[in-house]
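Q:
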DNA sequence: CCAGAAGATGAATCGTTTA
DNA sequence: ATAAACGATTCATCTTCTG
């Protein structure tokens, strides 16, 4: 892992890693930390070159003084210079600048995640809409162990908000691993509120004095959920505010490429060491389960051709009330109100139900060995026989 | 309850209610629905006259077409004219207008709650900051039963966001019933993420055809938590987008005054009838919060929030000799030797027995269907209802 | 009358491929 | 480009129906 210094953003050689096969032109800006101003460094990247963006920008916290716990110990709050802005206008100008820079380097189907708190997320979200990003979800990170409100004057600030957005309105082809997420969630689709502990313990980077190295280090589990949701192995994930390098470390572990931008050389060095120590997961641990959407299309006529369905066989609905006959050309014949209709399994299914549309694969059934199966079962069998796998 | 028509915003007499003692000048604009444009009606109200604001403005949804469920039924989405705006700029102008109008009528110590989704909440929040409101928290309403994502293209949109803000930076004296909230929450301070079901069933107002009267009616439990958090009995709560009247109904039940603005006469009429039917809770259920020492130790308030126990209901011991009344904040009120005491179910149980300690869950009983059950039965039922996935 | 099945529904920015 | 065809996709809760 190489750290690239200001003024030479794409000169340093990349880490060798045989598992990352890629074309030489793009390799140059992969798996690097670029040190310098975020907006300048973004300008050095080629347009439409990244698949996903994760951004954890300064929150513009406006703390009025120091905060003490009930036991009089001092809370080590974020009071770094990089988190201070003169005004909302200054913060907006900064935000607009990096968002524009990021948008340029996103591929058309790329998506962006931005995390923030109530101090900044409303401004960020409004600017994202103004710049033409298309919000897909706002996702709430519910902290399992948030810092309490010591003064008892507000609710425990127990969550942060992530905005997930496509580069442009109308984008349909963005990566979203719906089946995989659902499979890992008791077979129920994942909601917009996620529960994770904050980053503590061994995962939290410490400096030589044992103090936390970075004030806002995010938990790896959060970043892993983000990347497993909206990217795939081999993708390039850009983080314009790399900080302690959580996103890059997770990207490497999940076999994504990363590009990190960080202006603090100390943070960048710590992140580089952290990333270097990461061992990518075995590929088998990251393969996507076959999803119906990605499976190759099989025409009903292919089932007839293959002999899995014989012309003349009767199809019924699940209850056996509606009947149709398979024809040799892969269409089916339906007698409905004494009228004979011929067409695709989908069209005839819709006709039988009086519906606009119908998935014939799940509507029609065949009787085999005394039991009724949806014809989708036969399609699955044909796919298996063909040795076809998704990807 | 009177509905005031356009052009005569403060003429109609108020509902008589001896429990609301107030000065005559302010009374004129209390407990009314003002029909007409939100910004115009706000201008008719006196400056610095309301204690809390709850606003549920149009979300500016930008739906592209109709959506159907997997069973091909049609989703009855929000497509009303009042939710349509030409552009973000038009929405921003509208938002700025009503926020300015609201700010003028807020007392210096008043706070405002605004609810929205990712479609609008970022714009609203940024404008609130621009106008000088001081955000205290963003609170996430996690929906126990959200509508699923039917296409599998995004995360289930399972929450909405509320922004809670003071009128100005530096305000210290805003109402926040910290002890009461903590006492009703296992003696742990309440977090910024709240779990409530959406509004369905008998609570949902229906039109003469049995269809939902208003597309976006909010659950009363959510409004009750808001008002119990940030107002006190006798306060004036303003809702500039009254809709079906949830905020006003809850205000009346919790013995707050309300002012509602609604431009649709049909909604206003339905809200007026709804409010008229509300019976305010016994004062004993709403009195000043108990001190920290008296705070309940368990989440009895969760039973109250869930509706399994209704404020005002009587609790007794197993034999029916000792009696106490459930309060809206999850404490109970006990009359013992002509002395009124308020506190947790455990403390009041101990007091009633003259004991050091008491398990209120087994001591106190409720009568349901002619039989007395320990409230522990209700707790078990609530736990079962919350299920395994409630995190 | 009760139990279980079946239907209804909620603030939603909710396709892809081939002709 | 536009239209047609293909075919993928839902969770919790409440109400109504059926046996």
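Protein chains in written order, with the UniProt record's numbering: chain U, 1 to 391; chain B, 1 to 391.
A virtual CB, placed ideally from N, CA and C, is assigned to each residue, including glycine.
Computed from a predicted structure; not experimentally measured.
1) Report yes if the C-beta distance between residue 192 of chain B and residue 157 of chain B is below 9 Å; otherwise report no.
2) So, is residue 41 of chain U buried or exposed, given that buried needs 16 or more other C-beta atoms within 10 angstroms?
3) Using a Cβ cut-off of 9 Å (strictly closer), state whether residue 36 of chain B contacts chain U.
4) If you compare alpha carbons, which of U:82, U:148, U:138, U:340 is closest to residue 161 of chain U?
5) Hey, how far is the Cα of residue 299 of chain U from the Cα of residue 309 of chain U?
6) Taking contact to mean at least 3 C-beta pairs separated by less than 8 Å, is the stretch 252-266 of chain U in contact with the stretch 129-144 of chain U?
7) My output table needs one value for residue 208 of chain B: the three-state DSSP class, helix, strand or coil.
8) Please report the residue range of the alpha helix (DSSP H) in which residue 104 of chain U lies.
9) Listed from N- to C-terminal order along the chain, which residues in the stretch 138-158 of chain U have their beta-carbon within a distance smaller than 8 Å of any beta-carbon of chain B?
10) Residue 169 of chain U: buried (16+ other C-beta within 10 angstroms of its C-beta) or exposed?
11) Could you pull out every unbroken alpha helix (DSSP H) segment of at least 4 residues lying fully inside the stretch 242-326 of chain B, listed in chain order?
12) Short of 8 Å Cβ to Cβ, which residues in the stretch 245-278 of chain B face chain U?
13) Tell me the residue span of the alpha helix (DSSP H) that contains residue 348 of chain B.
14) Under 8 Å Cβ-Cβ, which residues of chain U neighbour residue 178 of chain B?
15) Pull up the distance between the alpha-carbon of residue 294 of chain U and that of residue 178 of chain U, whole angstroms please.
16) Am I right that residue 461 of chain B and residue 302 of chain B are in contact with their C-beta atoms under 8 Å? What's the rounded C-beta distance?
17) Would residue 145 of chain U pass as a contact of residue 197 of chain U if the rule is Cβ separation under 9 Å?
18) Does any residue of chain B have a CB that is nearer than 9 Å to the CB of residue 193 of chain U?
19) Can you tell me which of U:287, U:206, U:235 puts its alpha carbon nearest to the alpha carbon of residue 274 of chain U?
20) So if DSSP puts residue 159 of chain U in a beta bridge, which residue, or which two residues, is it bridged to?
21) Exposed or buried, residue 46 of chain U, counting other C-beta atoms within 10 Å across all chains shown (16 or more means buried)?
22) Examine chain B for any beta-carbon lying closer than 9 Å to the beta-carbon of residue 129 of chain U, and answer yes or no.
23) Considering just the uninterrupted stretch of the alpha helix (DSSP H) at residue 179 of chain U, what are its terminal residues?
24) Can you give me, in chain order, the residues of the UniProt domain "RAMA" (287-385) of chain B that have a beta carbon less than 9 Å from any beta carbon in chain U?
25) Tell me the residue span of the alpha helix (DSSP H) that contains residue 153 of chain U.
26) If I measure Cβ to Cβ from residue 340 of chain B and keep anything under 7 Å in the same chain, skipping five residues before and after, which residues do I get?
27) So, do the stretch 102-110 of chain U and the stretch 98-114 of chain B have three or more beta carbon pairs nearer to each other than 8 Å?
28) In whole angstroms, what is the alpha-carbon distance linking residue 281 of chain B and residue 248 of chain B?
29) Can you give me the start and stop residues for the beta strand (DSSP E) that residue 368 of chain U sits inside?
30) Just how far apart, CA to CA, sit residue 371 of chain B and residue 314 of chain B?
31) Between residue 395 of chain B and the rest of its own chain, which residues show a CB-CB distance below 8 Å, the 5 nearest in sequence each way excluded?
32) Going straight from the alpha carbon of residue 376 of chain U to that of residue 297 of chain U, what length do you get?
33) Nearest chain U C-beta to residue 52 of chain B closer than 9 Å, yes or no?
34) Compare the C-beta of residue 164 of chain U against all C-beta atoms of chain B and say whether one is closer than 9 Å.
35) Can you list, in chain order, the residues of its chain whose CB lies under 6 Å from that of residue 133 of chain B, leaving out five sequence neighbours each side?
36) Closest to residue 359 of chain B by C-alpha separation, out of B:366, B:350, B:367, would be which residue?
A: Answer, in terms of the structure:
1) Along the second chain, one-based indexing puts residue 192 of chain B at 192. Along the second chain, one-based indexing puts residue 157 of chain B at 157. In this structure, residue 157 of chain B does not lie closer than 9 Å to residue 192 of chain B by Cβ.
2) Within the first chain, numbered from 1, the residue matching residue 41 of chain U stands at position 41. Looking at its Cβ environment, which holds 16 or more other Cβ atoms inside 10 Å, residue 41 of chain U is buried.
3) What you label residue 36 of chain B is simply residue 36 of the second chain in a count that begins at 1. Taking Cβ atoms only, chain U never reaches closer than 9 Å to residue 36 of chain B, which makes this a no.
4) Taking the first residue of the first chain as position 1, residue 161 of chain U is located at position 161. Among U:82, U:148, U:138, U:340, the Cα nearest to that of residue 161 of chain U belongs to U:138.
5) Here residue 299 of chain U refers to the residue found at position 299 of the first chain. Here residue 309 of chain U refers to the residue found at position 309 of the first chain. Their Cα atoms are separated by approximately 12 Å.
6) no
7) Position 208 of the second chain holds residue 208 of chain B. Looking at residue 208 of chain B - three-state DSSP - the assignment turns out to be coil, as it is neither helix nor strand.
8) Residue numbering aside, residue 104 of chain U sits at position 104 when the first chain is read from its first letter. Here the alpha helix (DSSP H) through residue 104 of chain U covers 88-105.
9) 138, 139, 140, 142, 146, 148, 149, 152, 153, 154, 155, 156, 157, 158
10) The count along the first chain starts at 1 and reaches residue 169 of chain U at position 169. Result: exposed.
11) 246-253, 265-276, 300-306
12) none
13) The sequence position of residue 348 of chain B within the second chain is 348, counting from 1. It spans 345-353 - the alpha helix (DSSP H) in which residue 348 of chain B sits, taken as one unbroken run.
14) The residue given as residue 178 of chain B occupies position 178 in the second chain. Neighbours of residue 178 of chain B on chain U, chain order: 152, 153.
15) Taking the first chain and counting its residues from 1, one reaches residue 294 of chain U at position 294. Taking the first chain and counting its residues from 1, one reaches residue 178 of chain U at position 178. In a straight line, the C-alpha of residue 294 of chain U is about 11 Å away from that of residue 178 of chain U.
16) Beyond the ends of chain B as shown, which are 1 and 391, falls residue 461 of chain B; an answer cannot be given.
17) Along the first chain, read from residue 1 onward, the residue named residue 145 of chain U stands at position 145. Along the first chain, read from residue 1 onward, the residue named residue 197 of chain U stands at position 197. Yes, these two residues count as a Cβ contact at 9 Å.
18) As a working note, residue 193 of chain U is residue 193 in the first chain. Yes, residue 193 of chain U counts as interfacial toward chain B.
19) As a working note, residue 274 of chain U is residue 274 in the first chain. That would be U:206, whose Cα lies nearest to the Cα of residue 274 of chain U.
20) To locate residue 159 of chain U, count along the first chain from 1; it is residue 159. Per DSSP, U:142.
21) Within the first chain, the letter at position 46 stands for residue 46 of chain U. It counts as exposed.
22) Your numbering for residue 129 of chain U matches position 129 in the first chain. So yes, residue 129 of chain U belongs to the interface.
23) Taking the first residue of the first chain as 1, we reach residue 179 of chain U at position 179. Start and end: 178-183.
24) none
25) As a first step, residue 153 of chain U must be located in the first chain, where it is residue number 153. Element bounds for residue 153 of chain U: n/a, residue is neither H nor E.
26) Locating residue 340 of chain B in the second chain gives position 340, counting from the first residue. The answer, listed in chain order, is 333.
27) no
28) For the purposes of this step, residue 281 of chain B is identified with residue 281 of the second chain, where counting begins at 1. For the purposes of this step, residue 248 of chain B is identified with residue 248 of the second chain, where counting begins at 1. Taking the straight line joining both Cα atoms gives about 14 Å.
29) Residue numbering aside, residue 368 of chain U sits at position 368 when the first chain is read from its first letter. It spans 365-368 - the beta strand (DSSP E) in which residue 368 of chain U sits, taken as one unbroken run.
30) Taking the first residue of the second chain as 1, we reach residue 371 of chain B at position 371. Taking the first residue of the second chain as 1, we reach residue 314 of chain B at position 314. One C-alpha to the other measures close to 13 Å.
31) Past the boundaries of the shown model lies residue 395 of chain B; chain B is included only from 1 to 391, so the question cannot be answered.
32) As a first step, residue 376 of chain U must be located in the first chain, where it is residue number 376. As a first step, residue 297 of chain U must be located in the first chain, where it is residue number 297. Cα-Cα distance, rounded: 12 Å.
33) Translated into positions along the second chain, residue 52 of chain B becomes position 52. Chain U contact via Cβ: absent.
34) Against the first chain, residue 164 of chain U aligns to sequence position 164. So, interface residue.
35) Here residue 133 of chain B is taken as the residue at index 133 of the second chain, counted from 1. For residue 133 of chain B, where only same-chain residues beyond five positions count, the Cβ hits under 6 Å are 165.
36) On the second chain, residue 359 of chain B is found 359 positions in, with the first residue counted as 1. Ranking the options by Cα distance to residue 359 of chain B, first place goes to B:350.
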